[in-house]
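Enquirer:
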Ligand code: 8ID
Ligand code: ZN
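In the numbering used here, the protein residues as written are 6 to 367.
(1) Using a 10 Å radius around the Cβ and a threshold of 16 neighbouring Cβ atoms, would you call residue 85 buried or exposed?
(2) Flag this pair as touching only if the stretch 10–27 and the stretch 178–194 have three or more C-beta atom pairs under 8 angstroms; answer yes or no.
(3) What I want to know is whether the C-beta of residue 196 ends up closer than 7 angstroms to one or more non-hydrogen atoms of the ligand 8ID.
(4) By alpha-carbon positions, which one of 40, 58, 35, 37 ends up nearest to residue 20?
(5) For residue 22, does the count of other Cβ atoms within 10 angstroms reach 16, so buried, or fall short, so exposed?
(6) When you compare only the Cα positions, how much space is there between residue 134 and residue 225?
(7) With a cut-off of 8 angstroms, do at least 3 Cβ pairs link the stretch 304–315 to the stretch 274–284?
(8) Count the other C-beta atoms from every protein chain shown that fall within 10 angstroms of the C-beta of residue 278, then say buried if there are 16 or more, exposed otherwise.
(9) Taking just the CA atoms, how far does residue 318 sit from residue 119?
(10) Excluding five sequence neighbours on each side, which residues of the same chain lie with their C-beta closer than 8 angstroms to the C-beta of residue 175?
(11) Using the beta-carbon count (16 or more within 10 Å), is residue 35 buried or exposed?
(12) By how many angstroms is the C-alpha of residue 301 removed from the C-alpha of residue 348?
(13) Might you give, ordered along the chain, the residues of its own chain that have their beta carbon closer than 7 angstroms to the beta carbon of residue 343, omitting 5 neighbours on each side?
(14) Report the three-state DSSP secondary structure of residue 42 (helix, strand or coil).
(15) Roughly how many angstroms separate the alpha carbons of residue 65 and residue 190, rounded to a whole number?
(16) By the DSSP assignment, the alpha helix (DSSP H) with residue 312 in it spans what residues?
(17) Residue 99: which of 346, 345, 91, 74 sits nearest, CA to CA?
(18) How far does the alpha helix (DSSP H) with residue 230 in it extend, from its first residue to its last?
(19) Tell me whether residue 330 is buried or exposed, calling it buried when 16 or more other Cβ atoms sit within 10 Å of its Cβ.
(20) Can you tell me the Cβ-Cβ gap for residue 267 and residue 298, rounded? I've got them flagged as a contact below 8 angstroms.
(21) Is the beta carbon of residue 47 sitting closer than 8 angstroms to the one on residue 290?
(22) Rounded to whole angstroms, what is the Cα-Cα separation between residue 271 and residue 264?
(23) Within 8 angstroms, do at least three Cβ pairs link the stretch 242–259 to the stretch 161–174?
(24) Whose C-beta lies closer than 6 angstroms to the C-beta of residue 241 among residues of the same chain, with five residues either side of it excluded?
(25) Residues near the ligand ZN, CB to any non-hydrogen atom under 5 angstroms, in chain order?
(26) Tell me the start and end of each unbroken alpha helix (DSSP H) in the stretch 164–229 that is at least 4 residues and wholly inside, in chain order.
(27) With H, G and I counted as helix, E and B as strand and the rest as coil, what does DSSP make of residue 280?
(28) Can you tell me where the beta strand (DSSP E) with residue 136 in it begins and where it stops?
(29) Indicate, with yes or no, if the ligand SAH has a heavy atom lying under 7 angstroms from the CB of residue 284.
(30) Between residue 104 and residue 111, how many whole angstroms is the CB-CB distance? I'm expecting something under 8 angstroms.
(31) Using C-beta distances below 6 angstroms, list every residue in its chain close to residue 156, excluding the 5 sequence neighbours before and after it, in chain order.
(32) Residue 44 and residue 144 - do their beta-carbons sit closer together than 8 angstroms?
(33) For residue 394, does the three-state DSSP call read helix, strand or coil?
(34) What did DSSP end up calling residue 303 once you bin it into helix, strand or coil?
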């Protein structure tokens, strides 16, 4: 049975105290599922939202906001207009909470570009609570682990915890790698390669047949990156001539760069070391970031700069399949929901290796 109240992490203004409170369990609207959230990954996006870094979004405080958009849980309630879901199904809550289904972008499967999209943890209360509502069309179908050869029923909790970062991190980097137009055996450079998205990007890139060079900092992050199959690690705090070092290691620069680091300068820097005819993919969204590219160089080298924003439902299904097949492992540390503010502090300090996932029961 569904309780009337639950625990959640709420904040009333950007940068305000994060409060672990007893709040009402929400009611699903006619198009929504009610999901009992078991685990939710903490994405750097949640921290940007909390700080109010992105002034372009119309955040919804009613009166508070609940973050979280990597929620993995069990369907416990279904709105009257919902098709294709039943109580007991496993569902994932994504950043793209819902889209209008009728505009040009939705029509062509580019629903993340829908101007009426609702966003989990920003315009709609997200997965940092024990029960959350989510639009049934955009919710991700999760496969029960007992149906997967390499998982199995006894690993239910582990599966749910580890699948959660795929719902934003995995999906986003998988789509970004597609947008890079890389061919097998080409060099893929990943900035922030040992962070949440970076640890997944390293593995998806490898699984897709690319050679991976990563930039991040610290010996723990270097070791971690190598354990994921990364070939060359550049420590941005130790390197004297980063452009030269990258170009030497890749014999002319990477064929594509996936910019994940939450650093504006590192994005502009990527235009300097990318190989001639290469593609620079923008994913990370540091506050107020601008990419500066030297036009002469840009033209002569025929560089392409492209943005990539989460992914559509097919990208979600495909990203989940890589995970279900064991081609991509989700490297996580699990802590209680009540610990979110400590997680944000570590994130700000760049201390997190891989992804932190919150257990909503703690
Ligand atoms: O759809 C999208 N475009 C999308 C989806 C999901 C997340 C975009 N994002 C954005 C987030 O909002 C955030 O801005 O991607 C960015 C990365 O998210 P994350 O992976 O969740 O962040 P993290 O775990 O904190 O990792 C960031 C890493 O960057 C490193 C840090 O050491 C950390 O490991 N880093 C920094 I800070 N400066 C760097 C630099 N100059 C750097 N790595 C290389 N060079
Ligand atoms: Zn995210």
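A virtual CB, placed ideally from N, CA and C, is assigned to each residue, including glycine.
Expert: Let me lay it out:
(1) The residue in question, residue 85, is exposed, as its Cβ has fewer than 16 Cβ neighbours within 10 Å.
(2) In this structure the stretch 10–27 does not lie against the stretch 178–194, because fewer than three pairs of beta carbons, one per stretch, are closer than 8 angstroms.
(3) Taking the Cβ of residue 196 as the reference point, at least one heavy atom of the ligand 8ID falls within a distance shorter than 7 angstroms.
(4) Checking every option, the nearest Cα to that of residue 20 belongs to 58.
(5) In this structure residue 22 is exposed. Its beta-carbon is surrounded by fewer than 16 other beta-carbon atoms within 10 angstroms.
(6) Their backbone Cα atoms lie some 32 angstroms apart in a straight line.
(7) Contact between the stretch 304–315 and the stretch 274–284 is present, with at least three C-beta pairs closer than 8 angstroms.
(8) Buried, since its Cβ has 16 or more Cβ neighbours within 10 Å.
(9) Cα to Cα, the separation comes out at about 13 angstroms.
(10) Excluding residues within five positions, the ones whose Cβ falls inside 8 angstroms are 205, 209, 324, 325, 327, 328, 333, 335.
(11) Its Cβ having fewer than 16 others within 10 Å, residue 35 is exposed.
(12) Between residue 348 and residue 301, the C-alpha separation is close to 43 angstroms.
(13) The residues are 25, 367.
(14) Correct three-state label for residue 42: strand.
(15) For the pair residue 65 and residue 190, the Cα-to-Cα distance works out to about 45 angstroms.
(16) Taken as a continuous stretch (DSSP letters only), residue 312 belongs to no alpha helix (DSSP H), being part of the beta strand (DSSP E) at 309–312.
(17) Ranking the options by Cα distance to residue 99, first place goes to 74.
(18) Per DSSP, residue 230 belongs to the alpha helix (DSSP H) from 224–232.
(19) With fewer than 16 other CB atoms across the displayed protein chains lying within 10 angstroms of its CB, residue 330 is exposed.
(20) With 8 angstroms as the limit, residue 267 and residue 298 do not qualify as a contact, their Cβ atoms being about 19 angstroms apart.
(21) Taking 8 angstroms as the Cβ cut-off, residue 47 and residue 290 do not qualify as a contacting pair.
(22) Their Cα atoms are separated by approximately 8 angstroms.
(23) Too few Cβ pairs lie closer than 8 angstroms, so no.
(24) Excluding sequence neighbours, residue 241 sits near 220, 222.
(25) Spelled out in chain order, the answer is 48, 50, 173.
(26) Listed in chain order, they are 174–184, 201–212.
(27) Collapsing the DSSP output to three states places residue 280 in coil.
(28) Residue 136 -> beta strand (DSSP E) spans 136–140.
(29) The ligand SAH is not among the ligands present in this structure, which contains only the ligand 8ID and the ligand ZN.
(30) Taking a contact as a CB-CB distance under 8 angstroms, the pair residue 104 and residue 111 counts as one, their CB atoms being some 5 angstroms apart.
(31) The residues are 150, 164.
(32) In this structure, residue 144 sits away from residue 44, with a CB-CB distance that is not shorter than 8 angstroms.
(33) Residue numbering for the chain in the displayed model covers 6 to 367; residue 394 lies beyond these limits and cannot be assessed.
(34) In the structure shown, residue 303 sits in a helix (DSSP, three-state: H, G or I).
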